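Worksheet: one structure, shown below.
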């Protein structure tokens, strides 16, 4: 078996995921390899073909990337070790010499089509939108002559020798996608003070009471949530699990205690990693929830228990 | 302008949505018309081209249908008046005479591909999966000779003169999709005792505290939630609204009071209808939350206020 | 039957309660009459012998005055219409010519004895403390020669021709007692913007869950609590009701709705009046809980219900 | 200094407290000594004059015994090691030969007077009730000829050579008082499975939010509360602390963790002991809150932290 690559990422080359890879590598040397699907990238890590995988996790317009969450949930355990945010900027790319008015068949990924629907309706209302598996793949097929144009990143256009016919065409400006780097489980990254912990919790029974109980496991320990997203478990309509990003590191006592609370009160809880926040935002522990308060409280209870501890 | 059709539905003909239309019509005469997208179907109602629209709302494997929720949220108000649940059963359909082993190019919608991934990997690992805009459209292209086979409903296969090569191939059996029938706003359907109210609530500020407050608006009035799903507002990572299905009818005092509570404490709340549950399940109001308790409580407070009321 | 007096108060003359009466009357003419016990004062109102009663309600050192709460709970309904706070300042009073060192038998009410225990132990450690039914009664018995000195208010000393041997002797300075004026039920006092509502709520079942539910009935309507005090119901150890002072007036929608919520979810709730706060402190309704927000929310729900309202 | 007695109890001899002492000793030999006040009994333990003190803690009619709670709160730390419940049964006792109709001056403790008020008003309406410091002391003064009769326990009557003129005269039958045995701090009593922990918690700031937070510290750990009683701190009207009895032992992880939570989030918390319940009632930990669940959760978190723990 050949040596594993450093990073397997959701390909093809030229997508926003490759931009995320470049941002994570930060100019260092790393071997990379595109994978055809999110699951394939994750399975490269599981099978030892890659040391890590980079995949999209959450989009400010579309929400969680289902394939990533499902890919992390199902299969042997993996954990997130880094995250990065990439601005999503769509362009119309075509072969040199093309005009906007020439476009009859416009290829792109359905998500990109959804995010540029109004622009298309206004500027090229007669163009037929053709679904492809990726924006970069759509650009490649334009280069091959199968379509007139693609909606893709500038990077993808450049890679395939295309030109930018229109730029920054998203109906809603400022869309951002959050990508994560994933590895085999191991001791978590060291605390930085601006950390995130990702979890998936399954309720014992459904209903607002059960979710309230989960939220209180964090609130009573002074841990704020950055994201809470429901996701069907696949067991039937109305059966959900909750993907959670919490503003603390497992090495902080408040986070460790919240995790034990979740473990006791959920039917299942998956730990998907503690790692530095991409935005570096420090959110200090509230009064009484910092490490010193936990230590003092623990020492006090220990002293009360005397020889019984 | 021609007379409006009774139902505009997410087409093309032969999809699970058409099965939902047939179930909702229940043998009565109704004029129907397929629309190319969920938004087009909804806009047919908004523009007066259709009296109602039937669109998918929630899937037991994939969760909420983003296009429907977004289509209801953005644009002039519409309300849900009926719901129906349809079992999702996928088949491999091909031209007469085809064998499973012959399939090289297999067309389907990406969601159908996701839900049959393991079956494909096991039975036809060499087939190339081609994304199409709908399962019924994929079947039509098989009939036209563009692909070897499609993953679609039996109904779609039959409509296009295809045969069933393999049936019930979903990786996870028992998938169900919930469809809704949507109209222009008007007085809600009469209460049946087994009713549902659909809402979208926007938080004033994010964080678990804000969501806890919303959940308590229901809990203190004795209203159970059937579904709670977060959805990005599109304003940036970490900005969510919550789509809610609640187990009560707006004509019940507990639901009316919970709605006023939401209106006061949310930054925005959309009412998307009170209507009979598809499963007919009656969930009686808990102790103290039935109509008689509300009336008695209101009379008591009125009597205390004397002439001040 | 003779004409009722304006105010029956907990006597005898010369106690802090009479000071409260003077503060409530504010220089206006009012006929007053001391009653031997709190219950006797309340029953004077119930029987039509007095138009109102003034009794102690809460003390900053001792807490609620049990006799008053019990007297309001048991018997025909009465409501609070005014409150006043009186500083409690204890003096040692004796016959003219007496010295501190002469005091052998010192009479007072047990509560006054409790609040001056350290002072007594330090200054007149050999004095024997004799329990009497009131501080003013103790002063009267000093005048009659039965005891050497009394712990009482200056007013009581003056009334009985005694002199102040030591003043302001409470172990903890700044004690305050809150007195209330009580009447037969009727429409509540007009809102002032700085109002209080007094209630007693009985739980359906005991335990922290039941109390949490009661507290949430206020929290979800944006009503702050000024006081929450448990009190045994007398039905057995561990059976409690809760005396509550809430920062709002029954004519505010948030308070009216909280009251209906309590009525629905408690086994019993007693309304003991809405009336102006003695300290005049205005606590504005939080965001979304003011009258305008309630009206807008109610109008919105009404508009949704269309003809069904 | 002489050897300490085993038990200093709230005297005089012949009160319900002495009955509690007899029940706690259960026939074993123990030296006992009556103290004039609750505080004196507690201070005997603090000063080493007694190995333990027995004092009343809570009454089913009057609620908490303020003097005991205050005596435990103020002064060097003491802890409860046992509790016992005694039925409170009042009798009218008088010198041999006396008749009910002869009673003109009736002595008793004010609490006893309050609990027999209706009986007195009905049977001896003309009797003058004289307040005394204890029911047993009142009986002694009857024997000495100072009063005609006393309301006291049968035991007190017997001790002073009096006869029972009327028995079981409480207005509300079934009153019970809970007594506690108190010692210098030390390792808590061993767990029995039916245990109680007594605490006093001071809020950082007042208001229902702060109390809700305290209640949730117990609820999220699966600890039920048996009693919750507010008590003024003496710092001013509206300033309270909360006396709490919780259904668990400090050696259970759920109780230990709830205590650390209280320590972190309260401004002060006093631990007043873990000890066997008098009624022996076992209330098993709810699902997920038993020791095994805590251990499993803690092990899981430890495994996730790997070498970081």
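Residue numbers (this note's numbering), protein chains in the order written: chain A, 1 to 309; chain B, 1001 to 1309; chain C, 2001 to 2309; chain D, 3001 to 3309. The beta-carbon is built from N, C-alpha and C at its ideal position, and this holds for glycine as well. Small disclaimer: the values here were computed from a predicted structure and weren't measured.
Cβ separation of residue i and residue j, assumed to be a contact under 8 Å, to the nearest whole Å
i: residue 1178 of chain B; j: residue 1057 of chain B; result: 5 Å
i: residue 3127 of chain D; j: residue 3151 of chain D; result: Incorrect: roughly 10 Å between the Cβ atoms, too far for contact.
i: residue 1092 of chain B; j: residue 1169 of chain B; result: 6 Å
i: residue 2358 of chain C; j: residue 2176 of chain C; result: The structure shown does not extend to residue 2358 of chain C, since chain C is modelled only from 2001 through 2309, so no value can be given for it.
i: residue 2243 of chain C; j: residue 2229 of chain C; result: 5 Å
i: residue 1095 of chain B; j: residue 1142 of chain B; result: 7 Å
i: residue 2133 of chain C; j: residue 2109 of chain C; result: 7 Å
Spatial distance of residue i from residue j (CA atoms)
i: residue 1003 of chain B; j: residue 1027 of chain B; result: 22 Å
i: residue 2240 of chain C; j: residue 2097 of chain C; result: 51 Å
i: residue 3293 of chain D; j: residue 259 of chain A; result: 13 Å
i: residue 1044 of chain B; j: residue 14 of chain A; result: 38 Å
i: residue 1211 of chain B; j: residue 280 of chain A; result: 25 Å
i: residue 1295 of chain B; j: residue 2300 of chain C; result: 21 Å
i: residue 17 of chain A; j: residue 9 of chain A; result: 7 Å
i: residue 86 of chain A; j: residue 1033 of chain B; result: 41 Å
i: residue 3225 of chain D; j: residue 2074 of chain C; result: 28 Å
i: residue 200 of chain A; j: residue 275 of chain A; result: 16 Å
i: residue 3290 of chain D; j: residue 1072 of chain B; result: 47 Å
i: residue 2007 of chain C; j: residue 2046 of chain C; result: 13 Å
i: residue 3309 of chain D; j: residue 2064 of chain C; result: Model confidence at residue 3309 of chain D stands at a pLDDT of 43, short of 50, so the residue's coordinates are unreliable; what they give is reported in the following sentence. In a straight line, the C-alpha of residue 3309 of chain D is about 50 Å away from that of residue 2064 of chain C.
i: residue 2216 of chain C; j: residue 2204 of chain C; result: 15 Å
i: residue 248 of chain A; j: residue 30 of chain A; result: 29 Å
i: residue 3256 of chain D; j: residue 21 of chain A; result: 46 Å
i: residue 2164 of chain C; j: residue 2124 of chain C; result: 15 Å
i: residue 2115 of chain C; j: residue 1285 of chain B; result: 51 Å
i: residue 167 of chain A; j: residue 1221 of chain B; result: 51 Å
i: residue 3081 of chain D; j: residue 306 of chain A; result: 15 Å
i: residue 2231 of chain C; j: residue 3140 of chain D; result: 32 Å
i: residue 3066 of chain D; j: residue 3038 of chain D; result: 10 Å
i: residue 3131 of chain D; j: residue 3121 of chain D; result: 16 Å
Those residues which DSSP pairs with residue i across a bridge
i: residue 225 of chain A; result: A:246
i: residue 3083 of chain D; result: D:3180
i: residue 105 of chain A; result: A:128
i: residue 3271 of chain D; result: D:3199
i: residue 2231 of chain C; result: C:2241
i: residue 3005 of chain D; result: D:3050
i: residue 1167 of chain B; result: B:1091
i: residue 2033 of chain C; result: C:2008
i: residue 2152 of chain C; result: C:2091
i: residue 2276 of chain C; result: C:2195
Min CB distance residue i to chain E below 8 Å
i: residue 1304 of chain B; result: Among the chains of the structure shown, chain E does not appear; the protein chains present are A, B, C and D.
Notebook entry, point to check: If you scan the segment 116 to 149 of chain A from start to end, which runs of the alpha helix (DSSP H) of 4 or more residues do you find wholly inside it?
Noted result: 117 to 123, 135 to 143
- Scan the segment 1120 to 1136 of chain B for residues whose Cβ lies nearer than 8 Å to a Cβ of chain A and list them as they occur along the chain. 1131, 1132, 1133
- Report the residues of the segment 3218 to 3233 of chain D with a CB closer than 9 Å to any CB of chain A, ordered along the chain. 3219, 3220, 3221, 3222
* Asked: Can you list, in chain order, the residues of the segment 3267 to 3298 of chain D whose Cβ is nearer than 7 Å to any Cβ on chain C?
  -> none
Discussion item. Any C-beta of chain B within less than 8 Å: which residues of the segment 52 to 70 of chain A qualify?
Written reply: 58, 59, 60, 61, 62, 63, 66, 67
Checklist entry - Can you list the beta strand (DSSP E) stretches of 3 or more residues lying completely in the segment 2041 to 2078 of chain C, in chain order? => result 2050 to 2059
### Task
Would you list, in chain order, the members of the segment 183 to 212 of chain A that have their beta-carbon closer than 7 Å to a beta-carbon of chain D?
186, 187, 188
Query - Contact residues within the segment 1082 to 1094 of chain B, judged by C-beta distance below 8 Å to chain A - result: 1085
Please list, in chain order, the residues of the segment 2136 to 2159 of chain C that have any C-beta partner in chain B closer than 7 Å. none
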